[in-house]
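This report concerns only the one structure given below.
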Amino acid sequence: MGPFGSNIKADNFVPSGVPVIRGTNMNYAKYVDGNFVYLTDEKADELIGSNCKPNDLVFTHRGTIGQVALIPHNKYSRYVISQSGMKLTVNQSIVNSEFLFYFFKSDYGQYQILKYEAQVGVPSISNPLTSLKEMNVPVPLLTEQKAIVSVLSSLDNKIDLLHRQNKTLESMAETLFRQCFVEEAQDDWVHGTLKDEFAFTMGQSPKGSSFNEEQIGTPMFQGNADFGFRFPKERVYTTEPTRFAQKLDTLISVRAPVGAQNMARSKCCIGRGVAAFRHINNPDWYTYTYFKLRYLMDEIKKFNDEGTVFGSISKSDFEKIDVVIPPASIIYNYEIMVKPLNDRVITNCFQIEKLEKLRDTLLPKLMSGEVRVSYTPEEIKQ
Numbered sequence: 014m015g016p017f018g019s020n021i022k023a024d025n026f027v028p029s030g031v032p033v034i035r036g037t038n039m040n041y042a043k044y045v046d047g048n049f050v051y052l053t054d055e056k057a058d059e060l061i062g063s064n065c066k067p068n069d070l071v072f073t074h075r076g077t078i079g080q081v082a083l084i085p086h087n088k089y090s091r092y093v094i095s096q097s098g099m100k101l102t103v104n105q106s107i108v109n110s111e112f113l114f115y116f117f118k119s120d121y122g123q124y125q126i127l128k129y130e131a132q133v134g135v136p137s138i139s140n141p142l143t144s145l146k147e148m149n150v151p152v153p154l155l156t157e158q159k160a161i162v163s164v165l166s167s168l169d170n171k172i173d174l175l176h177r178q179n180k181t182l183e184s185m186a187e188t189l190f191r192q193c194f195v196e197e198a199q200d201d202w203v204h205g206t207l208k209d210e211f212a213f214t215m216g217q218s219p220k221g222s223s224f225n226e227e228q229i230g231t232p233m234f235q236g237n238a239d240f241g242f243r244f245p246k247e248r249v250y251t252t253e254p255t256r257f258a259q260k261l262d263t264l265i266s267v268r269a270p271v272g273a274q275n276m277a278r279s280k281c282c283i284g285r286g287v288a289a290f291r292h293i294n295n296p297d298w299y300t301y302t303y304f305k306l307r308y309l310m311d312e313i314k315k316f317n318d319e320g321t322v323f324g325s326i327s328k329s330d331f332e333k334i335d336v337v338i339p340p341a342s343i344i345y346n347y348e349i350m351v352k353p354l355n356d357r358v359i360t361n362c363f364q365i366e367k368l369e370k371l372r373d374t375l376l377p378k379l380m381s382g383e384v385r386v387s388y389t390p391e392e393i394k395q
């Protein structure tokens, strides 16, 4: 279990050393990852009971309940879990740690965690270590566990590869944007405001009585909570849409937080937490629009500090943002270069969705034994 809050303070953090696992480091699919804070080896030694090593599982017992991740084999020989975490060291001769990870990601595994959630106060697990020891887990033959892991890991590896490709492609597109429109900008380019270059629609929420999760009507997005890597998740639909985004419009969250960015995969309804943008002269220039707005994001995010309760940005605020408007010929050339990269990102996102759906469909069936994996001993050797 993680140390008490008094044992790790902000002044314990150093630029490098032993990474501390927080909830934000458990949002990266299978393994802990992301931006870490660090402790010295001496401080980590003081917290030896909270040290984690490769193949350990880590859980959150306070805050976002249900998170689970594995400690990877990488450049760090150990980690320290924060005061909101707990760890499980697995006897690998009995249970494969990756198998347990997939189990706890399944619906039944999540139930095993969430049934111990405290019913009052901050979301937390009651008596975390006792609860963890009482959780029921399946223990099929080790060979079968490894076969199940092989199937699910294969899908996860493909998903991870596509995610990494997307990050590389987006980085290339941003670099080319800066080269074409910042480093090579000309003095005679037109100076204007955002409304001179883009048409945009501010969202308006339909009546709550029109909402449903049965995919009846038009998909609707209320704000940042719906956004994914590139496209928002279609969770809520409305039968009475009010304001629309068109296919491949750039979507920007306009309320708490301001500045999250996505793209509309199809015509959709946007609630009051979202604005939709398209180029004023050519809607097909969706690649330029997306990366121009990303370039302007520092200006847009300044409005997170506006408002009496939470940040927000209005239509008139958008209209006042200064921009440099390049000639159409330069935009056209950028589209010729970068649109194939952007379209590859879009295709990858659709492929990721299909693979995730397949994985999430197989997961409970494999765990329950409804679907069995055919294997030979050679296929599941480590």
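First residue of the sequence shown? That's 14 in the numbering used here, and the numbers climb one at a time after it.
Note that the Cβ used here is the ideal one computed from N, Cα and C, for glycine as well.
query: Can you tell which of ARG268, PRO32, ASN38 has the C-alpha that lies nearest to the C-alpha of LEU60?; result: PRO32
query: Using DSSP bridges, identify the partner residues of LEU142.; result: DSSP lists no partner for LEU142.
query: So for ASP200, helix, strand or coil by DSSP?; result: coil
query: For CYS281, tell me which candidate among VAL50, GLU55, GLN228 has the shortest Cα-Cα distance.; result: GLN228
query: What residues match up with ASP335 in a beta bridge as DSSP calls it?; result: THR206
query: Quick one: grab the DSSP three-state call for GLN395.; result: In this prediction, GLN395 scores a pLDDT of 49, lower than 50, which makes its location untrustworthy; no coordinate-derived value is stated.
query: Assuming VAL351 contacts ALA186 (C-beta within less than 8 Å), just tell me the rounded distance between them.; result: 5 Å
query: Sort SER167, ASN361, SER279, PHE242 by Cα distance to MET233 and report the nearest one.; result: SER279
query: If you compare alpha carbons, which of ILE21, HIS176, LYS370, TYR347 is closest to PHE194?; result: TYR347
query: Where does GLY272 fall in DSSP's three states?; result: strand
query: Please classify GLY272: is it buried, with 16 or more other beta-carbons within 10 angstroms of its beta-carbon, or exposed?; result: buried
query: If you scan the stretch 79-160 from start to end, which runs of the beta strand (DSSP E) of 3 or more residues do you find wholly inside it?; result: 81-83, 92-94, 98-101
query: Drop a sphere of 10 angstroms on the beta-carbon of SER381, count the other beta-carbons inside from all chains shown, and report buried for 16 or more, exposed for fewer.; result: exposed
query: Going by DSSP, what residues sit across from ILE345 in a beta bridge?; result: Checking the sequence shown, residue 345 turns out to be Tyr, not Ile. None; TYR345 has no bridge partner.
query: Out of ASP173, ASN275, GLU147, LEU70, state which residue places its alpha-carbon closest to the alpha-carbon of PHE304.; result: ASN275
query: Count the CB pairs spanning the stretch 177-184 and the stretch 43-53 that are closer than 8 Å, and state whether there are at least three.; result: no
query: Quick one: using the 10 Å Cβ neighbour count with 16 as the cut-off for buried, is ASP318 buried or exposed?; result: exposed
query: Could you have a look at HIS176 and say whether DSSP puts it in helix, strand or coil?; result: helix
query: Can you tell me which of the three DSSP states ALA212 falls into?; result: strand
query: Assign ARG291 to one of three DSSP states: helix, strand, or coil.; result: strand
query: Report the rounded CA-to-CA distance for LEU168 versus GLY241, giving the unit in angstroms.; result: 19 Å
query: Provide the residue span of the alpha helix (DSSP H) that contains PHE304, from first to last.; result: 299-308
query: Which value, in whole angstroms, describes the spacing of the CA atoms of LEU354 and VAL336?; result: 24 Å
query: List the DSSP bridge partners of ASN225.; result: TYR250
query: Quick check: what's the CA-CA separation for HIS74 versus CYS65?; result: 16 Å
query: Suppose you measure from the CA of GLN395 to the CA of LEU155; what does that come to, to the nearest Å?; result: Residue confidence for GLN395 is low, a pLDDT of 49 falling below 50, so the modelled location carries little weight; the figure read from the coordinates is stated next. Cα to Cα, GLN395 sits roughly 12 Å from LEU155.
query: Please specify which runs of the beta strand (DSSP E), each continuous and at least 3 residues long, are wholly inside the stretch 15-63, giving them in chain order.; result: 31-34, 50-52
query: How is SER266 classed by DSSP in three states: helix, strand or coil?; result: strand
query: How big is the Cα-Cα spacing for SER90 and GLU147?; result: 29 Å
query: Can you tell me the Cα-Cα spacing of GLN80 and ILE34, whole angstroms?; result: 12 Å
query: Which stretch, first to last residue, makes up the beta strand (DSSP E) that contains LEU261?; result: Run containing LEU261: none; DSSP gives neither H nor E here.
query: Can you find the residues in the same chain that come closer than 8 Å, C-beta to C-beta, to VAL135, ignoring five residues on each side of it along the sequence?; result: ARG75, GLY76
query: What residue range is occupied by the uninterrupted beta strand (DSSP E) comprising PHE72?; result: 70-73
query: Suppose you measure from the CA of SER387 to the CA of LEU379; what does that come to, to the nearest Å?; result: 12 Å
query: Starting from LYS232 and walking both ways along the beta strand (DSSP E), at which residues does that stretch end?; result: The displayed chain sequence assigns Pro, not Lys, to residue 232. Element bounds for PRO232: 231-234.
query: Using 9 Å as the threshold, is the C-beta distance between GLU183 and VAL358 below it?; result: yes
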